[in-house]
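Structure first, then comments.
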């Protein structure tokens, strides 16, 4: 309430006194727009025009064929499909694995409850380099890296595993905030705990599940280090590694416009998600978990 | 009661299983491995040769690894100070009563949702490009023609160019954390301070900062955890397999164990494991230091 009172007093005078506050933030935002906007322009330009400094003038029109070229001949379509496969399946599996765990941790009292919670929180601070070597040696001993399908399954397995602690901890607060009266009513009606969870509690935690799934999707879509090590073949690469390999080959082909359109293709899915859901994402960063 | 136990087990089993397979077992094995000479990363434990702390001494003796640690320290310390100050500054601005707060906030956070590879490419191939880059064009336009000729990604400048670009992307996340802390401070404090004649700056120092210890801790912890895994930016900004300018410990490990490259003089995955353990120790030490130095009793986010 007091906040509203303050805001009500913010008239023209208040805004004028805030000009020094606007300047740095407007410059920063402007820079971000120039950065993204120029890349978009360059992705529709030609390498020649980019080097002539005429990226924003489009003397030869808009070159949408950069996108189709990148999509078909530069293998971007394959990387894109791989990333979609990895992220969507992992995100779905993460809900199936973590929501029940989170529910159990938030609802039931048992000896190892606190230990598991602390373990998961600690795992969120474990750098990937601490676990990557044994994972790699197990994986290569089982001959997983010789076959594209098993690599794909492996990537999903790794993405699920690495995000289990974060997802479970994130959902914890959502389940703790649900009233116990739902379960009491369900048990009076003779509904068992497993069915109560799937039909009543899980739908109630939907806002949290959607937010954490958006984060998981973005994190997995952008993941680079593990896929560089495990999924670095033409058929299995996700977009981040694919983009890196394309940039490297670009040094020889010199197709700059094509490279910028590939950057946009990689950037677009998470950006579109953000465009529509930025408020939810921002609320999730600060409210739900401690990891972005 | 017994039924409850079964339910708990069913609900927790998959998550705990993943946790053990992906975290517990590998952490212990990495720890063990760091005390052994392991010729090939795929070799079984029976082929490992115990070597005590030799791997750690070897790392301390390798100049490339020492450089990578120095780089990591500079990224953490210099980048950390810069990002925290800018993030706090912007968080303060966002909550000063400006219009379009949500819009500004959303744009500043935006780089965090972009793939680091795409973002680094934008900086490398556009902003820092000596022919048509943003910096060159901009400084030319404002008349600083000599400055415009700077080779931003030449040896010597490259590290700072990388750090600058990296920090630009990181500000948004830490700004959101600071901002959420500031939003929770009751406006009545500020009203009372205004009546007493305290200006904005004094209010910020006397009211905002002391009430932000909890979020400061969160921010420093998160910054340290992300810094330790510094890899993508370093790899994208280096042209050769191990660029001394930008190399980070994780890049060093990656080159040692996973990619051939000309830097690998001797194959020993145990050294790689020692790097992993050292990074883990870095996180723990920083975490303990943060909690020791910054006392915070009442606030938690």
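Chains as they are written, first to last, in the numbering used here: chain A, 1 to 292; chain V, 1001 to 1301.
Glycine residues also receive a C-beta, built at the ideal position from the N, C-alpha and C atoms.
Since the model is a prediction, treat every value here as computed from it, not as a measurement.
For residue 1126(V), a Cβ of chain A is located within less than 8 Å of the residue's own Cβ. Going by DSSP, residue 1174(V) is part of the alpha helix (DSSP H) stretching over 1158 to 1183. In this structure, residue 1112(V) and residue 1169(V) form a Cβ contact; the two beta carbons are roughly 7 Å apart against a cut-off of 8 Å.
Comparing C-alpha distances from residue 65(A) to each of 191(A), 255(A), 246(A) and 168(A) shows the shortest one belongs to 255(A).
Taken atom to atom, the span from the alpha-carbon of residue 118(A) to that of residue 1143(V) is near 57 Å.
For residue 1093(V) and residue 244(A), the gap between their C-alpha atoms comes out near 37 Å. Residue contact check for residue 1021(V) against chain A: a CB pair falls below 8 Å.
The beta carbon of residue 260(A) is closer than 6 Å to those of 39, 42 and 43 in its chain, skipping five residues each way along the sequence. Under the Cβ criterion of 8 Å, residue 222(A) is counted among the residues facing chain V. Residues of the stretch 1026 to 1054 of chain V with a Cβ closer than 7 Å to any Cβ of chain A, in chain order: 1026, 1027, 1029, 1030, 1033, 1041 and 1042. Annotation for residue 1074(V): 1159 and 1163 place their beta carbon closer than 8 Å to its own, counting only its chain and skipping 5 residues before and after. Distances from the CA of residue 1276(V) to each of 1091(V), 1140(V), 1157(V) and 1229(V) were compared; the closest alpha carbon is that of 1229(V). With respect to residue 1049(V), residue 1271(V) sits apart: the two C-beta atoms are not nearer than 8 Å.
Each of 1101(V), 1047(V) and 1078(V) was checked against the Cα of residue 1227(V), and the nearest Cα belongs to 1078(V). Judged by beta-carbon spacing, residue 1067(V) lies beyond the 8 Å limit of residue 1281(V), meaning their Cβ atoms are not closer than that value.
Across the structure, residue 228(A) and residue 1251(V) are spaced so that their CA atoms are roughly 12 Å apart.
If you compare the alpha carbons of 1278(V), 1287(V), 1269(V) and 1245(V) with that of residue 1064(V), the shortest gap goes to 1245(V). Residue 1124(V) places its beta carbon less than 8 Å from that of residue 1237(V). In the DSSP assignment, residue 55(A) falls outside any alpha helix (DSSP H) and carries neither an H nor an E. Cβ contact annotation for residue 250(A) (same chain, cutoff 8 Å, sequence separation greater than five): 256, 258 and 259, in chain order. At a Cβ-Cβ threshold of 8 Å, residue 133(A) and residue 144(A) do not count as neighbours.
For residue 109(A), no alpha helix (DSSP H) segment is defined, and its DSSP state is neither H nor E.
The three-state secondary structure of residue 174(A), taken from DSSP, is helix.
Per the coordinates, the alpha-carbon of residue 222(A) lies some 8 Å from the alpha-carbon of residue 239(A). Taking a C-beta distance under 8 Å as the contact criterion, residue 21(A) and residue 1096(V) qualify as a contact pair. Between the alpha carbons of residue 267(A) and residue 27(A) lies a gap of roughly 23 Å.
By the CB criterion at 8 Å, residue 1007(V) and residue 125(A) fall outside the cutoff. In the DSSP annotation of this structure, the continuous segment of the alpha helix (DSSP H) that includes residue 1104(V) starts and ends at 1101 to 1109. Nearest neighbour of residue 194(A) by Cα position, chosen from 103(A), 73(A) and 36(A), turns out to be 103(A). With a 10 Å radius around the Cβ and a threshold of 16 neighbouring Cβ atoms, residue 111(A) comes out exposed.
A check of alpha carbon separations from residue 175(A) across 206(A), 151(A) and 189(A) identifies 206(A) as the nearest.
The closest CA to that of residue 152(A), considering only 160(A), 130(A) and 86(A), is found on 86(A).
Contact of residue 1110(V) with chain A is assigned, a C-beta pair being separated by under 8 Å. With respect to residue 1076(V), residue 1166(V) sits apart: the two C-beta atoms are not nearer than 8 Å. The three-state secondary structure of residue 1217(V), taken from DSSP, is helix.
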